[in-house]
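Peer 1: Take 1 as the starting number for the sequence shown in my numbering and just add one per residue.
Ideal Cβ placement from N, Cα and C applies to all residues, glycine included.
No experiment lies behind these values; they were computed from the predicted model shown.
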Amino acid sequence: MRLAASLALLTALCVAPAAENTVLSAFGANDWVPEKWNKTDGTATNVPDGANKTPNGQKLEVRFSGKGFEYFVINPSSAITVPKDATSLSMWVKGSKPGYPVVVKFRDGKGQQKLADKDIEWPIFDATGDAWQQQHFSIPGSWEKPLTIYAIAVHNWDKQADAVAVTYYLDELAAR
């Protein structure tokens, strides 16, 4: 009897559907807006050609002056809550220059932006080049859920003396 029950459970687990992606933002028109307190010039525009032939994407063009730490931030036009059962996130990114990370910013279930004096964020450092790359992030178990995504930023922390323009394309931010 136990063997039959074990086999039934094993069969159910083997044929259970894989976890599905929940698209949190497809970066459609007016889904994201520049923050009014940005510390450098930049634009955020909707583009018709996203990753994997999706109809939309977000183009960020940011100009750093080379005169210290600067950042450009976009905020979602409506709240983005990560499902409580999500264990990871993904986002398609195409970038232009190394050293200027794209950073997804979160608030935890208590509304806090820091945990033990560290920002609750997902920095993406390696999305450079002309090809779309799907970036992945495992949500730490220590982050209190539900998480809310309140911003995406680009900054020059490691290259504050460089006057440069960078361009990033973003598409399909998803939870799994």
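Please state whether DSSP places D260 in a helix, a strand or coil.
Peer 2: Lying outside 1 to 176, the shown extent of the chain, residue 260 is not represented and no answer is given.
Peer 1: Alpha carbon to alpha carbon, how far is E35 from A4? Give it in angstroms, no decimals.
Peer 2: As a working mapping, residue 4 is identified with position 4 in the sequence shown. As a working mapping, residue 35 is identified with position 35 in the sequence shown. Residue placement at A4 is poorly supported in this model, since its pLDDT is 44, which falls under 50; the coordinates are not used for a value here.
Peer 1: CA-CA distance, E144 and D117?
Peer 2: Stepping through the sequence shown from its first residue, residue 144 is reached at position 144. Stepping through the sequence shown from its first residue, residue 117 is reached at position 117. E144 and D117: Cα-Cα distance of roughly 15 Å.
Peer 1: Leaving out the 5 sequence neighbours to the left and right, which residues in its chain are closer than 7 Å to G99 when beta-carbon positions are compared?
Peer 2: Here residue 99 refers to the residue found at position 99 of the sequence shown. Once the five neighbours on either side are set aside, the close Cβ partners of G99 are D158, K159.
Peer 1: Using a threshold of 8 Å, state whether the C-beta atoms of V103 and A153 are closer than that.
Peer 2: Residue 103 sits at position 103 when you count from the first residue of the sequence shown. Residue 153 sits at position 153 when you count from the first residue of the sequence shown. Yes. Within cutoff.
Peer 1: Are three or more beta carbon pairs between the stretch 62-80 and the stretch 108-123 nearer than 8 Å?
Peer 2: Not touching, per the Cβ criterion.
Peer 1: Where E172 and N56 are concerned, what is the direct C-alpha to C-alpha distance, given to the nearest angstrom?
Peer 2: What you label residue 172 is simply residue 172 of the sequence shown in a count that begins at 1. What you label residue 56 is simply residue 56 of the sequence shown in a count that begins at 1. Their Cα atoms are separated by approximately 9 Å.
Peer 1: What residues match up with F72 in a beta bridge as DSSP calls it?
Peer 2: Numbered from 1 along the sequence shown, position 72 holds the residue referred to as residue 72. Partner(s): V154.
Peer 1: Does the distance from the CB of V82 to the CB of P146 come in under 8 Å?
Peer 2: Counted from its first residue, the sequence shown places residue 82 at position 82. Counted from its first residue, the sequence shown places residue 146 at position 146. Yes, the pair counts as a contact, with Cβ atoms nearer than the cut-off.
Peer 1: Can you list, in chain order, the residues of its chain with a C-beta nearer than 6 Å to that of G68? Leave out the 5 residues immediately preceding and following it.
Peer 2: Your numbering for residue 68 matches position 68 in the sequence shown. These residues qualify, in order along the chain: Q160.
Peer 1: So which of A175, R176, Y168 has the shortest CA-CA distance to A44?
Peer 2: Within the sequence shown, numbered from 1, the residue matching residue 44 stands at position 44. The option with the nearest alpha carbon to A44 is Y168.
Peer 1: Excluding sequence positions up to five away, which residues of its chain have a Cβ less than 6 Å from the Cβ of G28?
Peer 2: Looking up residue 28 in the sequence shown gives position 28. Cβ within range, chain order: N56.
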